[in-house]
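*Asks:* When we follow my numbering, the leftmost residue of the sequence shown carries the number 773, and every step to the right adds one.
Dumping the structure here so I can ask a few things about it.
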Amino acid sequence: MARPDGPPLLLVGTDYRLAPLELRERVALSPAETEELLVALLARPSIGEAFALSTCNRTEVYLAPRDERDEETAYRELLDLLFLARAPELGQPGRLYVQRNKEAAHHLLSVASGLESMVLGEPEILGQVKQAAGIADQVGAGGPVMQHLLRAAIEAGGRARRETGIASGAVSLGYATVELAKNIFRELEQCRVLILGAGETAKLVARNLLERGARKLTVANRTPERLEAMRRELPTIETLPFDQRVEALAGADLIVVATGAEEPVLTRRDLSAAMAVRGSRPLLVVDLGVPRNVDPGAAKIGNLFLHTIDSLQNLIERNLKRRREEVPKVEELLGRELDRFFSWYKSLDAEPIVAELQRQAEEIRRRELAAAYARFPAETHGDLDRLTRSLVKKILHHPSARLRDAEGENTAARLAIARDLFRLDSRTDPTDGTEE
């Protein structure tokens, strides 16, 4: 009986589009919790393989039921073990997505390629898929279907980033700041950074700068406790009392201001004085405050480049537009990877025939070899055995490969022809044409 076009797969999940953070947090899984869930799922008779992916924006679980008739049971068991157990509100209509078979496989490849991310094309998700695949492998949760699907997803994610522009250009405030800095300074490693503020935006920018190579990064903030907390989170930064910020301006190449102040914390006079002692060195100032934290008049100072949050948002939107234009290229790439995955699955139809063909050939080889031994010296029997094994292997190699290669051909008809040619469906000895 021929296999369906795709493997029996079930996907159940929720993400930033369907559930608020409060619900997503309750079903988020640590690596240890992911292991526990996979082990619990595999203990259910209805579930043959499993894979779980949990990030700040999504938690989703992929299952391969042992049989198509087990799908509903597997679905209910997954709901009871994770989603409804931790967040009963997810049982409300529209809180979970459920996909099956081809749609489930396509979704995983889309996730790994960044098409399903809150920020289109964001780079971290591929690493998270790889990490989750490693956990599934450690507990033995991935059988042949899930292993091949994960390989296809990781390959698709890597190719999408290498062969298209889906991840090009900065699409966050932090990376937009990095992009601006790289337009002015040749190397971030030599760029001296001063950040005013220690809130979430300031931490994001600091982290992005450090990830891209910045080494000399100083942070000033009014609240010592918040400043110390940021230093613990990013131990390579240096800290500075906020009232010493003006003295530090002259030594900085990039200044990022992200405070909650209601009026500018840097005046045109402050920055003019700093520029007077800098010589010809340019200064990039990025004001992420709303209302503005830097006197707008500073934009008129020579060799000082002032950007506000609006100019960064414009840069981000241009980059997002370019990424959106790359989506069709990524979808085409995903289609090719899915075709290969489905071709592999369809090729499993050939495995019983290939095994029977090899068994039949080996049976003939042993029988004919046994009859021939009497005509040859005993010391040559080992060589004869090795020779006939090699001959059978070489003769069956191409037929076996063609039987497994289902792509673009009528697989069922080809397998039927193979059964008839080699007489695999009868008790017939193919060497004499008589019934046994």
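Note that beta-carbon positions come from the ideal geometry of N, C-alpha and C, so glycine has one too.
Beta carbon of LEU862, beta carbon of LEU782: below 8 angstroms?
*Replies:* no
*Asks:* According to DSSP, is PHE1113 part of a helix, a strand, or is it coil?
*Replies:* helix
*Asks:* Ordered along the chain, which non-local residues of its own chain (more than five positions away) have a Cβ less than 6 angstroms from that of PRO779?
*Replies:* VAL917 and TYR1117
*Asks:* For the candidate residues LEU1129, SER1052 and ARG1017, whose alpha-carbon lies nearest to that of LEU1187?
*Replies:* Closest by alpha carbon: LEU1129.
*Asks:* Once DSSP output is grouped into helix, strand and coil, what is the label at SER913?
*Replies:* It is worth fixing the name first, because residue 913 is Ala in this sequence and not Ser. Of the three classes helix, strand and coil, the one that applies to ALA913 here is coil, per DSSP.
*Asks:* Can you check which of these residues, LEU1043, ILE1088 and ARG1050, is closest to LYS1072 by C-alpha distance?
*Replies:* LEU1043
*Asks:* Apart from the five residues just before and just after HIS920, which ones in its own chain have a Cβ nearer than 7 angstroms to its Cβ?
*Replies:* PHE1113 and TRP1116
*Asks:* Hey, quick one: how far does the beta strand (DSSP E) through ALA836 stretch, first residue to last?
*Replies:* 830 to 837
*Asks:* Does the beta-carbon of GLU849 have 16 or more other beta-carbons within 10 angstroms, so that it is buried, or is it exposed?
*Replies:* buried
*Asks:* In chain order, which continuous runs of the beta strand (DSSP E) of length 3 or greater are located wholly inside the region 1009 to 1054?
*Replies:* 1010 to 1013 and 1026 to 1029
*Asks:* In whole angstroms, give me the CA-to-CA distance for GLY906 and LEU809.
*Replies:* 15 angstroms
*Asks:* Just to confirm the assignment, what range does the alpha helix (DSSP H) spanning ASN955 have?
*Replies:* 945 to 956
*Asks:* Nearest to ILE926 by CA position, among VAL883, SER940 and GLN910, is which residue?
*Replies:* VAL883
*Asks:* Can you find the residues in the same chain that come closer than 7 angstroms, C-beta to C-beta, to ARG1174, ignoring five residues on each side of it along the sequence?
*Replies:* none
*Asks:* What is the rounded straight-line gap between the Cα of GLY969 and the Cα of THR990?
*Replies:* 11 angstroms
*Asks:* Have a look at LEU1076 and LEU1055 and give me their C-alpha separation to the nearest angstrom.
*Replies:* 5 angstroms
*Asks:* Beta strand (DSSP E) containing GLU821: first to last residue?
*Replies:* 819 to 826
*Asks:* Would you tell me roughly how many angstroms separate the C-alpha atoms of ALA1030 and ASP1111, rounded to the nearest one?
*Replies:* 48 angstroms
*Asks:* Enumerate, from N- to C-terminal direction, the unbroken alpha helix (DSSP H) stretches of 4 or more residues contained entirely within the region 779 to 810.
*Replies:* Fully enclosed alpha helix (DSSP H) runs of 4 or longer: 793 to 799.
*Asks:* I need the straight-line Cα distance from LEU854 to GLU844, nearest angstrom please.
*Replies:* 16 angstroms
*Asks:* Give the DSSP-derived three-state secondary structure of THR995 in the structure shown.
*Replies:* coil
*Asks:* For MET773 and ILE1125, what's the separation of their Cα atoms in angstroms?
*Replies:* Any answer about MET773 is weak, because its pLDDT of 45 lies below 50 and its placement is not dependable; what the coordinates show is given next. If you draw a straight line from the Cα of MET773 to the Cα of ILE1125, it comes to about 12 angstroms.
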